[in-house]
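Chain order of the listed sequences is L and C.
Those letters in the first sequence? Residues 0 to 263, per numbering that gives the first Met the number 0, in order.
Those letters in the second sequence? Residues 0 to 267, per numbering that gives the first Met the number 0, in order.
Here a beta-carbon is modelled for each residue, glycine too, at the ideal position from N, C-alpha and C.
Below: one structure, written as structure tokens.
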Amino acid sequence: MFAYEFMCTAFVAAFLAALVCGPVGWFLVLRGQSFASHALSHVGFAGAAAALLWGEPAFLGFGLSAVLSGMGMGVASDRFVGRDVMIGLVLSLAMGTGALCLHFLTHSAGAATALLFGDILGIAPSSLYWLGALAIGCVMGLAVMSRPLLFASLQPEVAEAKGVNLRLLDVLFLALVGIASAMCSQITGVLLVFTLMVAPAAASLRLGFGPMQGMAAAFALALFEAWGGLCLSWLTDCPASFWIALLGSVVFAAANGIAHLRGR
Amino acid sequence: MITPAIEAGQLTVSYGGRRVLDHVSFAIPPGSFVAVLGGNGAGKTSLFRTILGLNTPEQGHVLVEGQRFGKGRMPVGYMPQMRRMVAGQLSGWHMVAAALRGRVWGVPWYSAAERAEVNAALNAVDAWELAARPVMSLSGGERQRLLLAQALLDHPRILLLDEPLASLDPARMRETTRRIHDLARERGLTVLFSTHDINPLMGFMDHVLYLAHGKALLGNVDEVMTTPALTALYGAPVEVVRADGRLFVVADGGADTLHCCDCAEHTR
Ligand SMILES: Nc1ncnc2c1ncn2[C@@H]1O[C@H](COP(=O)(O)OP(=O)(O)O)[C@@H](O)[C@H]1O
Ligand SMILES: [Mg+2]
Numbered sequence: 000m001f002a003y004e005f006m007c008t009a010f011v012a013a014f015l016a017a018l019v020c021g022p023v024g025w026f027l028v029l030r031g032q033s034f035a036s037h038a039l040s041h042v043g044f045a046g047a048a049a050a051l052l053w054g055e056p057a058f059l060g061f062g063l064s065a066v067l068s069g070m071g072m073g074v075a076s077d078r079f080v081g082r083d084v085m086i087g088l089v090l091s092l093a094m095g096t097g098a099l100c101l102h103f104l105t106h107s108a109g110a111a112t113a114l115l116f117g118d119i120l121g122i123a124p125s126s127l128y129w130l131g132a133l134a135i136g137c138v139m140g141l142a143v144m145s146r147p148l149l150f151a152s153l154q155p156e157v158a159e160a161k162g163v164n165l166r167l168l169d170v171l172f173l174a175l176v177g178i179a180s181a182m183c184s185q186i187t188g189v190l191l192v193f194t195l196m197v198a199p200a201a202a203s204l205r206l207g208f209g210p211m212q213g214m215a216a217a218f219a220l221a222l223f224e225a226w227g228g229l230c231l232s233w234l235t236d237c238p239a240s241f242w243i244a245l246l247g248s249v250v251f252a253a254a255n256g257i258a259h260l261r262g263r
Numbered sequence: 000m001i002t003p004a005i006e007a008g009q010l011t012v013s014y015g016g017r018r019v020l021d022h023v024s025f026a027i028p029p030g031s032f033v034a035v036l037g038g039n040g041a042g043k044t045s046l047f048r049t050i051l052g053l054n055t056p057e058q059g060h061v062l063v064e065g066q067r068f069g070k071g072r073m074p075v076g077y078m079p080q081m082r083r084m085v086a087g088q089l090s091g092w093h094m095v096a097a098a099l100r101g102r103v104w105g106v107p108w109y110s111a112a113e114r115a116e117v118n119a120a121l122n123a124v125d126a127w128e129l130a131a132r133p134v135m136s137l138s139g140g141e142r143q144r145l146l147l148a149q150a151l152l153d154h155p156r157i158l159l160l161d162e163p164l165a166s167l168d169p170a171r172m173r174e175t176t177r178r179i180h181d182l183a184r185e186r187g188l189t190v191l192f193s194t195h196d197i198n199p200l201m202g203f204m205d206h207v208l209y210l211a212h213g214k215a216l217l218g219n220v221d222e223v224m225t226t227p228a229l230t231a232l233y234g235a236p237v238e239v240v241r242a243d244g245r246l247f248v249v250a251d252g253g254a255d256t257l258h259c260c261d262c263a264e265h266t267r
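What follows is the structure, encoded as structure tokens:
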């Protein structure tokens, strides 16, 4: 299967997405913010659809709208508490707007499926360069902020007292989640970002790793899901997204089983 | 004159126009063990947050060792009032270690010296056996012990402990107080220990800082815990009752009933 360029491209893109989604997802689950990746990918969908309508690349629209709304979420985080109905409405509005934009596009059916469920085999080899640059930037950004972010996540009051700027970290981290969601949606589509960001990270936390090993394990599990999904998709001719989602559930269930056997 | 460990002058703290501390002044001598006493909402947590620089006073000032430290540079260990614990799946060790130089940019990777520091803090509070367990499997009291270990990191000279007895059963309260007291003596630390019940601290504290109605009174137990002193502080009739070697503060009912002890309400 590596004789085909689009398969090689897909494997590299999946590697890059896992590299970002694993560690970012680890913090997302640790902080109990896994809904954020879900929310940002919905907003990103509207941005992507609007970009297509303007004749711009969908990824650009997705990334910009997800990063901006992530930062907005960080700035206004206090005001979101207990507003689940409002948040739900905003997300529905985003999905609706995305649907409207796609309606005005001529070849909308293919674009909609690609956005919603991913089109990993359709990634252009040339886009690997900036996907790679983005992945390196994200990983380096997270590496720089991970120590204070861990402190702020575990003990916000103490961290604040020790001079950690909680708001700044919130904004920076959610911006990273926006980029990670955009990269992930290239592989899994908007609707399945959760499976690559949250499932491996949650499994790694269940296994009781510390922060560094935990982030590495989340990356390894995300890579297993993404590459496993691609291989199974090749063998069965079913969409990779389906297999990735299935492997995500299997990984999480297995981690739970192991944790249970260990009596944790 | 010795510089006080903590000094407040005309300190006034408000939330949206409502005064919680109203021109409060006191000076805490270094190395003393102080019980910060007051009912729910008396302003104990607000006082601690103001000392740490997290609340800006409306008026007045508070100095730590005679200085205004930059945020995060104070030699103060802080144990917040127990809140929700995120990250229950991480081990106790990692939860404590996260506080070690946690404001420094970089990755949470600990050098051998840093690991030794975390281990020493855990040992100091006999929390070693909690280190390997996930935080969510620990009881409230065990989590408190981890928070205490965390407050000892980075060699503080002052400890601000916000209701460290909150989730303990009565038998454990004196044991915990004794542990904190002995540790502080050994290291020469100043301790502010907030609580709504003075009795578990009897025999350990050097001073009481009593907060009520925005006012504060600092002194030793025999000075502060008297009917006239507290009546003056509250500006309303208050009675201090001694029974079974325990102290109870009984205020008139209504909204102002205070809980200096758990039994105050039943006494009336
Ligand atoms: N961030 C805040 N905003 C508004 N009011 C607050 C805030 N924090 C505390 N308060 C109010 O200030 C008063 C004192 O609170 P607190 O310092 O937590 O008291 P204590 O710790 O003694 O129970 C309470 O009435 C509380 O409702
Ligand atoms: Mg309090």
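Measure the C-alpha to C-alpha separation of E283 (chain C) and A98 (chain L) and round it to an integer number of angstroms. As shown, chain C starts at 0 and ends at 267. That puts residue 283 (chain C) outside it, with no answer to give.
Using a Cβ cut-off of 7 Å, pull out every chain L residue sitting near F93 (chain C), in sequence order please. On the second sequence, position 94 is the one that residue 93 (chain C) refers to. Residue identity check: residue 93 (chain C) is His in the sequence provided, not Phe. In chain order: G209, P210.
Cβ of V250 (chain L) less than 9 Å from any chain C Cβ? As a position in the first sequence, residue 250 (chain L) is number 251, starting the count at 1. So no, V250 (chain L) is outside the interface.
Please list the terminal residues of the continuous beta strand (DSSP E) segment that includes Q185 (chain L). The count along the first sequence starts at 1 and reaches residue 185 (chain L) at position 186. Run containing Q185 (chain L): none in the beta strand (DSSP E); it sits in the alpha helix (DSSP H), 165 to 187.
From T194 (chain L) to S110 (chain C), what does the alpha carbon distance come to, in whole angstroms? The residue labelled residue 194 (chain L) in the question sits at position 195 within the first sequence. The residue labelled residue 110 (chain C) in the question sits at position 111 within the second sequence. Distance between T194 (chain L) and S110 (chain C), taken at the CA atoms: about 34 Å.
Sequence-distant residues of its chain with Cβ nearer than 7 Å to T230 (chain C) (five each side left out): Here residue 230 (chain C) refers to the residue found at position 231 of the second sequence. The residues are P236, V237.
Within the region 145 to 188 of chain C, ranges of the beta strand (DSSP E) (whole runs, at least 3 residues): 157 to 160
Can you list, in chain order, the residues of its chain whose CB lies under 6 Å from that of E159 (chain L), leaving out five sequence neighbours each side? Position 160 of the first sequence, counted from the start, is the residue given in the question as residue 159 (chain L). Same-chain partners within the cutoff: L165.
Neighbour flag for G64 (chain L) against chain C, beta carbons, 9 Å: Numbered from its first residue, the first sequence carries residue 64 (chain L) at position 65. In the sequence as displayed, the identity of residue 64 (chain L) is Ser instead of Gly. Cβ-Cβ to chain C under 9 Å: no for S64 (chain L).
9 Å Cβ cutoff, V237 (chain C) in contact with chain L: Within the second sequence, the letter at position 238 stands for residue 237 (chain C). Not closer than 9 Å to any Cβ of chain L, the Cβ of V237 (chain C) fails to qualify, so no.
Can you tell me whether V103 (chain C) is helix, strand or coil according to DSSP? What you label residue 103 (chain C) is simply residue 104 of the second sequence in a count that begins at 1. Note: V103 (chain C) maps to coil in three-state DSSP.
Opposing strand residues paired with K43 (chain C) [DSSP bridges]: Locating residue 43 (chain C) in the second sequence gives position 44, where the first residue counts as 1. None, per the DSSP bridge assignment.
Does any heavy atom of ligand 1 sit closer than 8 Å to the C-beta of G273 (chain C)? In the structure as shown, chain C begins at 0 and stops at 267. Residue 273 (chain C) is therefore absent and cannot be evaluated.
Could you give the first and the last residue of the continuous alpha helix (DSSP H) run that contains V23 (chain L)? Translated into positions along the first sequence, residue 23 (chain L) becomes position 24. Here the alpha helix (DSSP H) through V23 (chain L) covers 4 to 29.
Could you confirm whether any beta carbon from chain L is found closer than 9 Å to the beta carbon of R18 (chain C)? Looking up residue 18 (chain C) in the second sequence gives position 19. Cβ-Cβ to chain L under 9 Å: no for R18 (chain C).
Can you confirm whether G101 (chain C), when its beta carbon is compared against all beta carbons of chain L, has any partner nearer than 9 Å? Within the second sequence, residue 101 (chain C) is the residue found at index 102, counting from 1. Closer than 9 Å: yes.
Starting from A119 (chain L), follow its DSSP beta bridges and name the residues at the other end. Stepping through the first sequence from its first residue, residue 119 (chain L) is reached at position 120. The amino acid at residue 119 (chain L) is misidentified as Ala; the sequence shows Ile. Paired residue(s): none; I119 (chain L) is not in a bridge.
Anyone know if the C-beta pair for I178 (chain L) and G62 (chain L) falls short of 9 Å? Position 179 of the first sequence, counted from the first residue, corresponds to residue 178 (chain L). Position 63 of the first sequence, counted from the first residue, corresponds to residue 62 (chain L). Cβ distance < 9 Å, so I178 (chain L) and G62 (chain L) count as in contact.
Supposed close pair G213 (chain C), V19 (chain C) - CB separation, criterion 8 Å: Counting from 1 along the second sequence, the entry for residue 213 (chain C) is found at position 214. Counting from 1 along the second sequence, the entry for residue 19 (chain C) is found at position 20. Their Cβ separation, rounded to whole angstroms, is 6 Å, which keeps G213 (chain C) and V19 (chain C) in contact under 8 Å.
Going along chain L in order, which residues have a C-beta closer than 8 Å to the C-beta of Q149 (chain C)? Position 150 of the second sequence, counted from the start, is the residue given in the question as residue 149 (chain C). Those are Q154, V157, listed as they occur along chain L.
Per-residue contacts from A174 (chain L) into chain A (C-beta, under 9 Å): This model lacks chain A altogether, as its protein chains are L and C.
Under 7 Å, CB to any heavy atom of ligand 2. Which residues pass, going along the chain? Checking every Cβ against the heavy atoms of ligand 2 under 7 Å gives C:K43, C:T44, C:Q80, C:D161, C:E162, C:S193.
Give the straight-line distance between the Cα atoms of Q66 (chain C) and G91 (chain C), rounded to the nearest whole angstrom. Against the second sequence, residue 66 (chain C) aligns to sequence position 67. Against the second sequence, residue 91 (chain C) aligns to sequence position 92. Going from the Cα of Q66 (chain C) to the Cα of G91 (chain C) covers about 34 Å.
May I have the straight-line CA-CA distance separating G15 (chain C) from V207 (chain C), to the nearest angstrom? The residue labelled residue 15 (chain C) in the question sits at position 16 within the second sequence. The residue labelled residue 207 (chain C) in the question sits at position 208 within the second sequence. Straight-line Cα distance between these residues: approximately 29 Å.
Close-in-space but distant-in-sequence residues of the same chain around L120 (chain L) (CB under 6 Å, 5 per side omitted): Position 121 of the first sequence, counted from the start, is the residue given in the question as residue 120 (chain L). Contacts found: F5, A9.
Chain L partners of A4 (chain C), CB-CB under 7 Å? Indexing the second sequence from 1 puts residue 4 (chain C) at position 5. Think of a sphere of 7 Å around the beta carbon of A4 (chain C): no beta carbon from chain L falls inside it, the nearest being about 17 Å out.
With a 10 Å radius around its C-beta and 16 neighbouring C-beta atoms as the bar for buried, classify C237 (chain L) as buried or exposed. Translated into positions along the first sequence, residue 237 (chain L) becomes position 238. Looking at its Cβ environment, which holds fewer than 16 other Cβ atoms inside 10 Å, C237 (chain L) is exposed.
Counting only the same chain and skipping the five closest in sequence on each side, list residues whose C-beta sits under 8 Å from that of V106 (chain C). Indexing the second sequence from 1 puts residue 106 (chain C) at position 107. Cβ within range, chain order: n/a, list empty.
Within 10 angstroms of its Cβ, does L92 (chain L) collect 16 or more other Cβ (buried), or is it exposed? Here residue 92 (chain L) refers to the residue found at position 93 of the first sequence. With fewer than 16 Cβ atoms within 10 Å of its Cβ, L92 (chain L) is classed as exposed.
Based on the DSSP output, what are the partners of I27 (chain C) in its beta bridges? Taking the first residue of the second sequence as position 1, residue 27 (chain C) is located at position 28. C:I5, per the DSSP bridge assignment.
Separation of A12 (chain L) from A110 (chain L), as counted between CA atoms: Here residue 110 (chain L) corresponds to residue number 111 of the first sequence, with the count starting at 1. Here residue 12 (chain L) corresponds to residue number 13 of the first sequence, with the count starting at 1. The straight-line gap from Cα to Cα measures roughly 19 Å.
If we call anything under 9 Å between Cβ atoms a contact, is A112 (chain C) one with L121 (chain C)? Within the second sequence, numbered from 1, the residue matching residue 112 (chain C) stands at position 113. Within the second sequence, numbered from 1, the residue matching residue 121 (chain C) stands at position 122. No, the Cβ-Cβ distance between A112 (chain C) and L121 (chain C) is not below 9 Å.
Out of curiosity, what's the CA-to-CA distance linking L104 (chain L) and V143 (chain L)? Counting from one through the first sequence, the residue named residue 104 (chain L) turns up at place 105. Counting from one through the first sequence, the residue named residue 143 (chain L) turns up at place 144. Whole-angstrom Cα-Cα distance: 41 Å.
Could you check whether the Cβ of V19 (chain C) sits closer than 8 Å to any heavy atom belonging to ligand 1? Indexing the second sequence from 1 puts residue 19 (chain C) at position 20. Distances from the CB of V19 (chain C) to the heavy atoms of ligand 1 include at least one below 8 Å.
For A254 (chain C), is the classification buried or exposed, using 16 other Cβ atoms within 10 angstroms of its Cβ as the cut-off for buried? Start at 1 with the first residue of the second sequence, and residue 254 (chain C) comes out as number 255. Per-residue confidence for A254 (chain C) stands at a pLDDT of 35, beneath the threshold of 50, marking its modelled position as unreliable; the derived number appears in the next sentence. Counting Cβ neighbours within 10 Å, A254 (chain C) comes out exposed, since fewer than 16 surround it.
Taking the straight line between their C-alpha atoms, what separation do you get for A216 (chain L) and R205 (chain L)? Counted from its first residue, the first sequence places residue 216 (chain L) at position 217. Counted from its first residue, the first sequence places residue 205 (chain L) at position 206. Each residue's alpha carbon lies about 11 Å from the other.
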